[in-house]
Amino acid sequence: GNEKVKPTQFSYGSVLNAWAKSSEKDASVKALALFRRMEDIYQKEESDVRPNAHCYNAVINAIAKSNESDKAKTSYQILSEMVGSYEKGNFNAKPNVLTYSTVLNACAYTRGTADDRDVAFQIARSCFRDIISSKFEMKPNNVTFSMFILACSRLVPKEKREDNYVLIESVFKECCKLGLVDVKVILNLRRAVSPELLKQLLKGTSLVENRRNIELRDLPTEWRCNIISR
Numbered sequence: 189g190n191e192k193v194k195p196t197q198f199s200y201g202s203v204l205n206a207w208a209k210s211s212e213k214d215a216s217v218k219a220l221a222l223f224r225r226m227e228d229i230y231q232k233e234e235s236d237v238r239p240n241a242h243c244y245n246a247v248i249n250a251i252a253k254s255n256e257s258d259k260a261k262t263s264y265q266i267l268s269e270m271v272g273s274y275e276k277g278n279f280n281a282k283p284n285v286l287t288y289s290t291v292l293n294a295c296a297y298t299r300g301t302a303d304d305r306d307v308a309f310q311i312a313r314s315c316f317r318d319i320i321s322s323k324f325e326m327k328p329n330n331v332t333f334s335m336f337i338l339a340c341s342r343l344v345p346k347e348k349r350e351d352n353y354v355l356i357e358s359v360f361k362e363c364c365k366l367g368l369v370d371v372k373v374i375l376n377l378r379r380a381v382s383p384e385l386l387k388q389l390l391k392g393t394s395l396v397e398n399r400r401n402i403e404l405r406d407l408p409t410e411w412r413c414n415i416i417s418r
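The numbering used here puts the first residue of the sequence shown at 189, with every later residue one more than the last.
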């Protein structure tokens, strides 16, 4: 064929990114099909189309934005493949905090059966553990914490929610310690715990008043000193 129009790693990455941003109903299906095609071509020794972190992140993002009930499982499968590729020497496919946070997003917004949500919650816990343990030299950010707390509030049935209060409390305290509390962390915390526990966790701050509108400046400085800007 014409070498000048041969697909490259960059061109595949660009199209995958476009599918991730698309509002088309089957965007995630098309992104995953394109990603598998890219892998197929690479297997035929065309090394310039080897999937890199950008490609993996884009396809995971497309899956996370879909309405599929198994999107947590599918995105985690791609993450596992990414880890495997990196560990086999594809150093351009090193997972990062964005990768894991996007899988957390897929988990947090999983709908479907109780089983689907339970699987998503277990995946969320696994991803959060990996980030906190600095796997692949990752450092958590405010998105990591807000997404995990959101997953706790959305995925755990109300009758079992109290069982996770110890977990959520320790996660929030770690978030405060690292200076990574943003407004979304507080809003998601409100959904995830009882009013009594919320009052206890926010004791000594103006947030305890449970105002509807919170701004970043309302948070204690030491709680928010290391958040990333969006």
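Positions of the beta carbon are idealized from the N, C-alpha and C atoms, including for glycine.
Helix, strand or coil for residue i, going by three-state DSSP, please let me know.
{"i": "N255", "result": "coil"}
{"i": "E403", "result": "coil"}
{"i": "S289", "result": "helix"}
{"i": "C413", "result": "coil"}
{"i": "M335", "result": "helix"}
{"i": "P283", "result": "coil"}
{"i": "N278", "result": "coil"}
{"i": "R342", "result": "helix"}
{"i": "S211", "result": "coil"}
{"i": "R317", "result": "helix"}
{"i": "R299", "result": "coil"}
{"i": "V369", "result": "coil"}
{"i": "N329", "result": "coil"}
{"i": "T262", "result": "helix"}
{"i": "L390", "result": "coil"}
{"i": "K232", "result": "coil"}
{"i": "N249", "result": "helix"}
If we count the other Cβ atoms within 10 Å of its Cβ and call it buried at 16 or more, is residue i buried or exposed?
{"i": "T196", "result": "exposed"}
{"i": "N376", "result": "buried"}
{"i": "I374", "result": "buried"}
{"i": "F279", "result": "exposed"}
{"i": "E325", "result": "exposed"}
{"i": "P283", "result": "buried"}
{"i": "G272", "result": "exposed"}
{"i": "T332", "result": "buried"}
{"i": "T290", "result": "buried"}
{"i": "N245", "result": "buried"}
{"i": "D351", "result": "exposed"}
{"i": "S334", "result": "buried"}
{"i": "K348", "result": "exposed"}
{"i": "A339", "result": "buried"}
{"i": "L404", "result": "exposed"}
{"i": "A221", "result": "exposed"}
{"i": "T393", "result": "exposed"}
{"i": "R305", "result": "buried"}
{"i": "F316", "result": "buried"}
Are the CB atoms of residue j and residue i within a distance shorter than 8 Å?
{"i": "Y288", "j": "D318", "result": "yes"}
{"i": "A260", "j": "A302", "result": "no"}
{"i": "A457", "j": "S341", "result": "No information on residue 457 is available, as it lies outside the stretch 189 to 418 that the chain covers here."}
{"i": "K216", "j": "E269", "result": "The sequence shown places Ser at residue 216, not Lys. In this structure, E269 does not lie closer than 8 Å to S216 by Cβ."}
{"i": "E410", "j": "G367", "result": "yes"}
{"i": "L267", "j": "T298", "result": "no"}
{"i": "R412", "j": "V359", "result": "no"}
{"i": "E357", "j": "L385", "result": "yes"}
{"i": "M226", "j": "Y264", "result": "no"}
{"i": "I416", "j": "V371", "result": "no"}
Can you give the beta carbon distance from residue i to residue j, rounded, assuming they're within the 8 Å contact cut?
{"i": "N329", "j": "V285", "result": "6 Å"}
{"i": "P239", "j": "A281", "result": "6 Å"}
{"i": "V237", "j": "A219", "result": "That belief does not hold up - the Cβ atoms of V237 and A219 are roughly 15 Å apart, past 8 Å."}
{"i": "F336", "j": "L389", "result": "Actually they are not in contact, since the Cβ atoms of F336 and L389 sit about 15 Å apart, beyond 8 Å."}
{"i": "A208", "j": "K253", "result": "7 Å"}
Please report whether the beta-carbon of residue i lies at a distance below 8 Å from any beta-carbon of chain C.
{"i": "S322", "result": "The structure shown contains no chain C; it is built from a single protein chain."}
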